[in-house]
Every structure is written in structure tokens, then in C-alpha cells.
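**Q** First residue of the sequence shown? That's 82 in the working numbering, and the numbers climb one at a time after it. Where is the CB? At the ideal position from N, CA and C, for every residue including glycine. These figures come from a predicted structure and were not determined experimentally.
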Amino acid sequence: MYFNLRLFAMTVGLRGRIVFGAFVGLVSVGAGIARLALTGLIIARVFEGYPLSAFTSYLFALAVLVMLRVVLQYVRDSVSYETATEIKIELRRRLYTHALALGPGHFDQLRTGDILASLVDGVESLEVFFGQYIPQFIVSAVAPVLIFVFMAALDIQIGLIFLVFAAITLLIPNMLRNWNITKSRARRSAYGVLEADFLDSVQGLMTLKSFGQAKHRGKLLAERARRLYQTTMGVVAVDGASNGATILGISAGATVALVWGGYRVNDGTLELSALLIILMLGAEIFRPLRELAQLYHQGMTAMSAAEGIFNLMDSPVTISGPEPRDGAVGSVEDVVLKPEITFESVSFGYRDGTRPAIENLSFTLRKGKTLGVVGLSGAGKSTIVWLILRFYDPQRGRILLGGQDIRDLSLEVLREQISVVTQDTFLFHGTVAENLRLGKPEASQGELEEVARAANAHDFIEALPNGYDTVVGERGVLLSGGQRQRLAIARAVIRDPQVLILDEATSALDNVSERLIRETINSLRADRAVLMIAHRLSTIQQANRIVVMDFGKITETGTHSDLIHKGGIYTELYQESDPNDKNPPSAK
82 MYFNLRLFAM TVGLRGRIVF GAFVGLVSVG AGIARLALTG LIIARVFEGY PLSAFTSYLF
142 ALAVLVMLRV VLQYVRDSVS YETATEIKIE LRRRLYTHAL ALGPGHFDQL RTGDILASLV
202 DGVESLEVFF GQYIPQFIVS AVAPVLIFVF MAALDIQIGL IFLVFAAITL LIPNMLRNWN
262 ITKSRARRSA YGVLEADFLD SVQGLMTLKS FGQAKHRGKL LAERARRLYQ TTMGVVAVDG
322 ASNGATILGI SAGATVALVW GGYRVNDGTL ELSALLIILM LGAEIFRPLR ELAQLYHQGM
382 TAMSAAEGIF NLMDSPVTIS GPEPRDGAVG SVEDVVLKPE ITFESVSFGY RDGTRPAIEN
442 LSFTLRKGKT LGVVGLSGAG KSTIVWLILR FYDPQRGRIL LGGQDIRDLS LEVLREQISV
502 VTQDTFLFHG TVAENLRLGK PEASQGELEE VARAANAHDF IEALPNGYDT VVGERGVLLS
562 GGQRQRLAIA RAVIRDPQVL ILDEATSALD NVSERLIRET INSLRADRAV LMIAHRLSTI
622 QQANRIVVMD FGKITETGTH SDLIHKGGIY TELYQESDPN DKNPPSAK
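(1) When you measure from the CB of Val160 to every non-hydrogen atom of the ligand SAM, does any distance come out below 7 Å?
(2) Do Thr636 and Glu595 have their CB atoms nearer than 8 Å?
(3) For Gln579, does the three-state DSSP call read helix, strand or coil?
(4) Would you check if there are 3 or more beta carbon pairs closer than 8 Å linking the stretch 443 to 457 to the stretch 617 to 632?
(5) What residues in its chain sit with their C-beta under 7 Å from that of Leu339, if we drop five residues either side in the sequence?
(6) With DSSP as the reference, label Ala387 as helix, strand or coil.
(7) Would you mind sorting His24 into buried or exposed? The rule is 16 or more other CB atoms within 10 Å of its CB.
(8) Is the stretch 205 to 218 touching the stretch 100 to 119 in the sense that three or more CB pairs, one from each, lie closer than 8 Å?
(9) Taking DSSP as the reference, what is the three-state secondary structure of Ser491?
(10) Does DSSP put Thr313 in a helix, a strand or coil?
(11) Excluding sequence positions up to five away, which residues of its chain have a Cβ less than 8 Å from the Cβ of Gly315?
(12) Nearest CA to the CA of Glu388: which residue from His646, Asp202, Gly342?
(13) Identify whether Ser667 lies in helix, strand or coil by the three-state DSSP scheme.
(14) Does Leu568 pass the burial test, meaning 16 or more other C-beta atoms within 10 Å, or should it be called exposed?
(15) Should the stretch 569 to 586 be regarded as contacting the stretch 496 to 508, the criterion being three or more beta carbon pairs within less than 8 Å?
(16) Does DSSP put Ala524 in a helix, a strand or coil?
(17) Rounded to the nearest angstrom, what separates Gln498 and Ser491 at their Cα positions?
(18) Using 8 Å as the threshold, is the C-beta distance between Leu508 and Arg576 below it?
(19) Looking at C-alpha atoms only, which residue of Arg308, Phe211, Thr250 is the closest neighbour of Val274?
(20) Report back the beta-carbon spacing between Met630 and Lys448 to the nearest angstrom; my notes put them in contact at under 8 Å.
(21) If you compare alpha carbons, which of Arg432, Asp433, Ser428 is closest to Ile441?
(22) What residue range does the alpha helix (DSSP H) around Thr620 cover?
(23) Can you tell which of Arg98, Glu543, Arg157 has its C-alpha closest to the C-alpha of Glu167?
(24) Quick check on the DSSP output: what are the complete beta strand (DSSP E) runs of length 3 or more inside the stretch 493 to 570, in order along the chain?
(25) Measure the C-alpha to C-alpha separation of Leu88 and Thr638 and round it to an integer number of angstroms.
(26) Distance, Cα to Cα, Ala460 vs Ile614?
(27) Quick check on Glu372: does DSSP put it in helix, strand or coil?
(28) Could you compute how far the alpha carbon of Ile124 sits from the alpha carbon of Asp320?
(29) Please classify Ala610: does DSSP put it in a helix, a strand, or coil?
(30) Using DSSP with H/G/I as helix, E/B as strand and the rest coil, what is Asn625?
(31) Between which two residues does the alpha helix (DSSP H) holding Ile465 run?
(32) For the beta strand (DSSP E) containing Val156, list its first residue and its last residue.
(33) In this structure, does DSSP put Arg345 in helix, strand or coil?
(34) Can you give me the C-alpha to C-alpha distance between Gln678 and Ala326, rounded to a whole angstrom?
(35) I'd like to check one pair, Arg174 with Val204: are the Cβ atoms closer than 8 Å?
(36) Looking at Arg157 and Gly113, is the spacing between their C-beta atoms short of 8 Å?
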């Protein structure tokens, strides 16, 4: 039988329990041997003409053995499944930790549904491998040998017949291994594609309906489902062939043993009682193999699903904290960094530099100042944010936070100093308060209300059915776009960060709300640095300094008035902007 050593390596620390479960299974086999031997002896005594009263003690012992086996089976299953559950919990912890270390830069290139197929369904399917396949594998490897030893004490010849056919039965599924692996991989791939497309369809249901493409999408999902059906039937076919071959081996072994045993009983070289006991034990010698064969295709499916898990775990972490050395900062405690961001000749391109995003970028944002960044789509504005947070590292140049190279800071320290509000605000399914406390888990109700007022969110929160205890739905679907952004701003502010970054954070706000948020930002920037990325020029007109980006480079820099008089890209953006974006800022 095929056995995945890498999966088995995950059982470190729990192997004693796995061995104990297998041992209980072997004891259960021993009870089965005793039960069948006793059954054979009773049948032999019946043929020999013994009265029923002579079997009373035998029948009582038989009942005890049956109950003992039931108890042993329950103990084995309980131990095995509990062990499998603990392994799954640890595996999920390791996967989650590794996923965090990989960061958004890795998962932006993958489909969410396919990832879920590995991280959720893939891990769950491993319960069969850890809870049933491994213990049964041990039992199936040891039990036939133990039973053969018992048989050999009665008759070596028939015992050898059963042992040979048991070995053949054990090897048959292994001969189909490559076929099984191929079919299992095809099914896993089809399942991942279906789950990814189905998740896309649910999340984009409004778009599909508005464009009249719901039926077309339904046909695509039907094709994906049919492909999954076809690959599943391929796995079933392999499983059927494996089970059929196993049953053939079992039947052939029993037939040969019966014919040879009957011949020897007829010529007087073997007692009838010995033959009956051996034939009864024949069912027991094949039982563990039959059970393993039944689990085989489930084990192969689990091992195929594990490939997706291994692909994730093998993905290299390209962004990590500093190696221990002089000058490196690795703990949040007692870390005091100036609220100052500096880019020194930074160049970066996605896909290992093959798709340039920013080139030779240099600027400094100091405490108490607001830096506005504008430019056409694709100019590299949001890339600045991802580099500051170290979702990516630049190929050239360096970025400083408070005079420290951010690569010399632990990721925990770095991200503790920074809060970001993006245009695509993400709220988790939960209450308003729970989402706000992501920024500060220990925040009191008073603190929540204070930051909500600062972000012009308190009034609408109070108007919700349950106020701060109102569930916002998945991705905040029960709130408007402007409400979600105001919550996101409040969540960022409650952290009291050194650097506040707003990436199109006010794009969904009405003019009144945006004005209030601008006033809030003005009051916040006294003790911190504020970086504002915007298309709406009214948002950044208040900035102390504005940089204009084009194709990853800074082409203009200055205040709003300076840039208007230069007549460059900023002037063009200003002239083409909405009239509401040309209103002078309300705060200096």
C-alpha cells in the first residue's frame, strides 16, 4: 500500500497515541482470532455429536469476546479520531502562520477558491489518513503475520496458503497506485476550479445579474461540475478495480485453502476441527486487508489534497524580519520611532522586477506633515503603500521609518507604527465594535465612541438597529460604501499610529463627510505623519506637500498653489477634475 512519509512526519509528538490506537486494533484482532477459533471448535464439536449442554461455557466465552471486541473497536476509533483532530488543528495553525508570513503579495497571484480547497477541504480530508488509514495500515501489516503464526501451530500448509494470498491481496492496490494518483489529482484540480469559479460567482452575483450574464455563468459552472463528476467517477473506477481485485484475492485464497484442506481431511492427514478453525481464521486474516482496501481510495484522495497543502507550505517566504544583529529592532516593547518616512532612490517591479512599478523614488514625510500623492491609474501610487508595509521589498534603494531601515525592523514593530485605510475597505463579518477593536483589542466602549466621532461615524452607528453591537455582514455588506470607509478610518485612528496612510480613503464619502474627515486628519497630523493618496484633488489640497507621479516616477512636487501655476500634469488633472474637487480646503 502507498504511504506518504511527509504526511506521517506531521504526526511528531502524537505517534505514541497512533501506536496505541494500532495496538488496540491488534488486540481487537486477537479477540477476533479467539472468537473465530472458538466458533470453529464449537462447529467441530457439533459435527462430532456433542450435546448442547457441553457448549454453555463456550457460548458464554464467545459472547464475552464479541463484547470485548466492540469495546476495543470503540477505544481505537476514539483515540484515532482524537489524534487526527489534534493533528488537523496543528496543521491549520502552521498553515495560517505560513500564510501570514507569505503575505498578500503571494496570494494576490492565486484564486481564493482554490486556496480554500486546500486550506479548508484539503485539511479536513486528511482526517481519514490520520484517523483511519495510518492505524489500519499498521494493523494490516502486522495482523496477517500474527494470524499466520496461530494457523501454523495448527497446520503449516494451509497457513502458508492464506499468508501467500494475503500478501498478494496487500500488493494488488499498490499495483494500481499510479492510476489512482493520476485520477485523484485530476479530481482535486477539478474540485479546486469549481470552488474558485463558484466563489467568484457568489461574490460577483450583482455584477452577473446587472450584465445579464447569470445564465452564461450557470453554464460555465455546469461544465465545471460535470468535469468534477467525470474525475470523481475516475476515482470511483480505480476504487472499484482495487476492491474487486482485493475481493478476488480473498476469495481465491479461501477457495484454495478449502480445497486443499478438504483433500487432507479426506485422506486423514488433517483433523476436521483444525480445518474448521483455520477456515474461520481465514476470514480474520483478510479482514484488516479488506478494511484497508476500503480506505485506500479515501487515503489516496487525502494524499492528493495534501499536495495543495504542501505547495503552500513549500512557497518561500520572501519577506521576513531581520536576522539578529546589531541595530536590528525586533520587539514592539519599548520601541520609539520618529513618525517619519523616507524613500531613498527606491525602485521596484512586480514579478521579480520584470513589471516595473516605481523607479528611483525619493521623498521624505516628516512628523506633523501631510504628503499628498496624485497621478493617473497605474502611476505606482498604491505600490508605495505596499512597500512601506513590506508586503514587497524594493529591488533597489531603501525605505526608512524614523531613521531605521524598515528591513532592520521586525514586521511586528513596523506594522505597529502604521495604520492604512484603503479605497477597498474590508470589514469582517461581526459587529461594529468587533471591527473597530481590530485596531485596538483592549479598547473601551468610550474609546470606540471617541474615534467614531472623530471619523464622523458615531451618529450613523447609533442609528443602526443595535448600535455598536450591530452585525455588519460579510465584507460590511449591510453598510453603505461611505459608512464602511468611515468605520475603516476610525479603526485606523484608534491604533494611534505614528504614520497614517489613506489610499483613496475618502472616495466614497459625500462632500460634507469628506470635509469633516479632512478636519479630523488635520487634527491628527500634529503628532504623526500623514500620507494621502487620492484622485479627488479636494482631498489633498490641504497637504503640506504634493508629489505627482507618472509611470512610477515623481514628475512634479510642491504645494497645491505651486503645482497649479506650473501648468504640468497636476494642472491637467485639476482642470479635468469634478467641480466639487476644486473647492478650496476648509482648513489650512
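**A** Let me spell this out:
(1) For the structure depicted, the ligand SAM is absent and the ligand set is empty, with no information on it obtainable.
(2) no
(3) coil
(4) Result yes; three or more Cβ-Cβ pairs closer than 8 Å.
(5) Result list for Leu339: Leu360, in chain order.
(6) helix
(7) The shown model of the chain, from 82 to 669, leaves out residue 24, and the question about it has no answer.
(8) yes
(9) coil
(10) helix
(11) Lys264, Ala267, Arg268
(12) Asp202
(13) Reliability of the predicted coordinates at Ser667 is poor, the pLDDT of 41 falling under 50, and the value obtained from them is presented with this limitation in mind. Ser667 falls in the coil class under three-state DSSP.
(14) buried
(15) Three or more beta-carbon pairs drawn from the stretch 569 to 586 and the stretch 496 to 508 are found closer than 8 Å, and the two stretches are therefore classed as touching.
(16) DSSP places Ala524 outside both helix and strand once states are collapsed to three, so it counts as coil.
(17) 11 Å
(18) no
(19) Arg308
(20) Not quite, the Cβ-Cβ distance comes to about 23 Å (not below 8 Å), so this is no contact.
(21) The sequence as given places Asn at residue 441; Ile does not occur at that position. Of the listed residues, the one whose Cα sits closest to Asn441 is Ser428.
(22) 618 to 621
(23) Arg98
(24) 499 to 503
(25) 56 Å
(26) 11 Å
(27) helix
(28) 36 Å
(29) strand
(30) coil
(31) 462 to 469
(32) No beta strand (DSSP E) holds Val156; the alpha helix (DSSP H) holding it covers 137 to 183.
(33) helix
(34) No statement about residue 678 is possible, as the shown extent of the chain runs from 82 to 669 and does not include it.
(35) no
(36) no
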